[in-house]
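One structure is given below, encoded as structure tokens.
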Amino acid sequence: MKKIVNLITFLALAAMGLAGCQEKEQAAGENTLEVTPDKITFASKNNEDVIIKVTTDAPDWDYSADGWINAVKDGDNLIVNVPNNMEYDERTGKILFTAGTARSVRVDITQEARIVSSLELSQETVEADPAGGQFEITVTSAEEWRVQGQSDWCTLSPLEGVTGDKIHVDVSANDGEELRSAVFNVISGTVTKQITVISNPEPFIELVSPETGEQSLDYNGGDFTVLLRTNLSSENISSQLEGGDGWISAEAGSGSGKNVAYKIHVTANNTYLSRQASMTFSAEGVESVRVTISQSKRNVLRVLEPSSGACELSTDAATIQVIISTNLYPELYVSSPSWINIAGDPELVDESADGLSQYKYTFNVSEASGSRTGSIVFKYEQFEASVKVTQTSGDAVTAVIPDEAFRQYLYSNGYIISADNETVELTADGLSATSFDFSYNTKIRSLEGIGAFAELTSLNLSNCNVITVVDISSLKKVKELIMGNCGYTEQIVLGDNPVTSLSYGWYTSVYAQKVTISGSKLESLDVSDLYNSYDDWTELDVTGCPALRSINSQRRTALTIYVTEAQKLQISNTGNGVLTVR
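Numbered per the numbering used here, the sequence shown spans residues 6 to 587.
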């Protein structure tokens with residue numbers, strides 16, 4: 006047993022000795038491997054390639070690298086680089102080289118953390134005057150920077166650089182009316198800042214409204230707008246009022262860019278003098294514009310004496326005086342009938358500081374042969390005042406004229422003293438009047454009272470289409486009666502007036518069914534009409550016309566014409582009317 010143990014021990018020691026000899030033989034035949042550099046540190050970004058030189062006696066060598074490390078084998082070299090580090094922490098890695106039996110060699114790779122971007126500009130706004138100019142901006146940054154943007158009137162250079170470099174800004178002249186601006190971006194890492202370049206135009210102010218630079222208002226006042234075309238904002242324009250204190254106010258200008266508006270308010274002018282003011286709009290370095298504001302006076306024209314506005318006189322020659330209060334002298338126009346004449350220039354009686362004055366006028370009134378009335382009229386444009394002058398005869402002739410429109414016609418022509426009452430007094434002109442022209446007086450309905458105008462020889466009633474009865478039998482001298490377009494007249498009474506010829510219904514639609522015409526002197530009657538399609542007229546009675554010799558009765562609808570037995574024998578009827586004895 007002891008022998009067996011000793012044998013085992015010997016064999017074990019022999020084996021150990023054999024193994025040690027073999028290990029010493031392997032170390033002695035090992036390949037060599039040398040790598041330089043043995044460590045590399047990269048910047049966070051934009052790195053250049055690094056060459057690792059490999060020296061070995063092995064027939065070949067190889068490597069393994071962490072996944073974020075880029076490596077390319079090139080002969081005895083390994084070309085190494087890393088991508089930009091997008092993290093804000095440092096990162097480390099390794100490349101492990103092997104060659105034959107040589108022990109592996111490790112190269113440690115370190116990459117710096119991502120740089121925290123920062124960017125500062127010495128100025129972010131460049132403002133140039135109309136002439137343009139050159140400017141510099143200093144850039145302070147943690148990384149490289151670049152410029153983005155372009156403009157046809159502004160250039161920046163250089164377009165990239167590093168901290169401490171300057172950006173040169175060149176702005177060309179601004180020959181236009183508008184402000185120009187351009188924006189450029191400066192980018193460094195993750196930071197972007199803007200450079201705003203402003204090119205100011207030559208400032209100007211032009212008046213658009215009122216176009217003439219003058220604004221006129223009546224005494225009531227009111228509002229108007231001053232409109233300026235400008236490239237300035239309203240805050241840069243000042244306005245100054247001259248002469249309008251207390252009666253002109255202006256709201257602050259509003260708008261900018263192209264138009265600035267000012268609303269102007271003018272109060273009512275309660276004085277009797279016109280007034281004027283001006284507003285000047287200006288800005289630094291700009292030619293000012295001016296608006297003149299004129300307001301008319303409050304015009305007054307009234308008669309003070311006679312206070313009643315009327316003078317009652319006999320028919321004897323007389324002198325009258327009229328005092329007026331006005332601010333319109335000497336522009337006044339004074340008119341009067343031929344029998345009232347102004348006697349020289351008026352006398353200034355009183356003059357007040359507010360522009361209202363009193364003037365005394367003297368007029369000579371000539372002797373009258375009968376009653377008459379007329380007016381002295383003071384007038385300027387739409388302003389008018391008058392004094393009624395009446396000369397009354399002791400032998401006054403009166404008439405009753407119920408129709409108001411008839412009275413107004415007589416009064417407006419100076420044929421009666423007044424139209425206020427139905428009983429009127431005729432003037433000398435009325436007593437001698439020979440013709441009345443009522444044409445187109447569509448309000449006259451009655452001629453009652455016309456007999457007082459005994460000298461009448463002619464009457465024109467054309468288009469008096471509401472008068473139903475025309476009775477002039479109270480007159481004796483009328484030779485002519487004109488009655489065109491009197492379609493509602495039912496009765497015409499000529500009496501003994503020397504009217505020998507009469508036309509009625511020519512070019513007229515007659516709306517009366519029955520018409521009666523009488524007159525002792527009437528010889529010829531024309532009632533024809535072929536042109537009006539509408540007619541109510543069916544009967545004509547001329548039995549009161551004993552001297553009638555001819556009738557033209559041709560109408561669209563045949564008339565029944567009533568005559569006496571004697572008339573039927575003597576009347577020549579031309580037309581489709583039927584003579585019928587009544």
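Ideal placement from N, C-alpha and C gives every residue a C-beta, glycine not left out.
- At a Cβ-Cβ threshold of 8 Å, Ala424 and Leu461 do not count as neighbours.
- The DSSP-derived three-state label of Leu436 is helix.
- Under the three-pair Cβ rule at 8 Å, the stretch 261-278 does not count as touching the stretch 312-323.
- Of Thr428, Thr562, Met284 and Gly580, the smallest CA-CA separation from Trp542 is found for Thr562.
- Taking every protein chain shown into account, the CB of Asn275 has fewer than 16 other CB atoms within 10 angstroms, so this residue is exposed.
- With 16 or more neighbouring CB atoms inside 10 Å of its own CB, Glu148 falls in the buried class.
- Taking all protein chains in view, the Cβ of Glu292 is surrounded by fewer than 16 other Cβ atoms within 10 Å, so the residue is classified as exposed.
- Taking every protein chain shown into account, the CB of Asn179 has 16 or more other CB atoms within 10 angstroms, so this residue is buried.
- In this model, Pro342 and Gln387 are separated by some 20 Å (Cα to Cα).
- CA-to-CA, the gap between Thr195 and Val202 works out to about 23 Å.
- Residue pairing of Lys393 in beta bridges, as defined by DSSP: Ala315 and Ser380.
- Contact annotation: the stretch 78-87 touches the stretch 52-65, with at least three C-beta pairs closer than 8 Å.
- In this structure, Leu545 and Val532 form a Cβ contact; the two beta carbons are roughly 6 Å apart against a cut-off of 8 Å.
- Here the C-alpha atom of Val213 lies approximately 5 Å from the C-alpha atom of Leu232.
- Annotation: the continuous alpha helix (DSSP H) that includes Leu574 extends over Glu570 to Gln575.
- Annotated three-state conformation of Leu545 is strand, per DSSP.
- Assigned with DSSP and collapsed to three states, Leu415 falls in helix.
- Rounded to whole angstroms, Thr145 and Tyr93 show a C-alpha spacing of 21 Å.
- Contact between the stretch 167-177 and the stretch 214-222 is absent: fewer than three C-beta pairs spanning the two stretches fall below 8 Å.
- By the criterion of at least three beta-carbon pairs nearer than 8 Å, the stretch 479-487 is in contact with the stretch 501-514.
- About 6 Å separates the Cβ atoms of Val271 and Ile253, confirming a contact at the 8 Å cut-off.
- Contact between Gln363 and Asp355 holds: their C-beta atoms lie close to 4 Å from each other, under 8 Å.
- In the three-state reduction of the DSSP assignment, Ser254 falls in the strand class, which pools E and B.
- Taking every protein chain shown into account, the CB of Tyr338 has fewer than 16 other CB atoms within 10 angstroms, so this residue is exposed.
- Residue nearest to Ala433 within the set Asp65, Val40 and Tyr416 is Tyr416 (criterion: CA-CA distance).
- It is roughly 18 Å from the alpha-carbon of Gly34 to the alpha-carbon of Val110.
- Around the CB of Gln155, fewer than 16 other CB atoms lie within 10 Å, so the residue is classed as exposed.
- Looking from the CA of Lys78, the closest CA among Lys58, Ala63 and Asp62 belongs to Lys58.
- By the criterion of a C-beta distance shorter than 7 Å, Trp511 is surrounded in its chain by Gly489, Asp531, Ser533 and Asp534, once the five residues flanking it on both sides are discounted.
- Inclusion of Ile100 and Ala76 in the CB contact set at 8 Å is warranted, their separation being smaller than that value.
- Bounds of any beta strand (DSSP E) do not take in Lys482, whose DSSP letter is neither H nor E.
- For the pair Ser204 and Ala282, the CB atoms are not nearer than the 8 Å cut-off.
- Apart from the 5 residues on each side of it in sequence, Val327 sits with its Cβ closer than 6 Å to the Cβ of Tyr366 and Val392 in its chain, given in chain order.
- The three-state reading of DSSP puts Gly181 in coil, since its state is none of H, G, I, E or B.
- Gly379 is positioned such that its CB atom lies closer than 8 Å to that of Trp344.
- Nearest C-alpha to Ile566 among Ser525, Tyr536, Lys519 and Thr230: Lys519.
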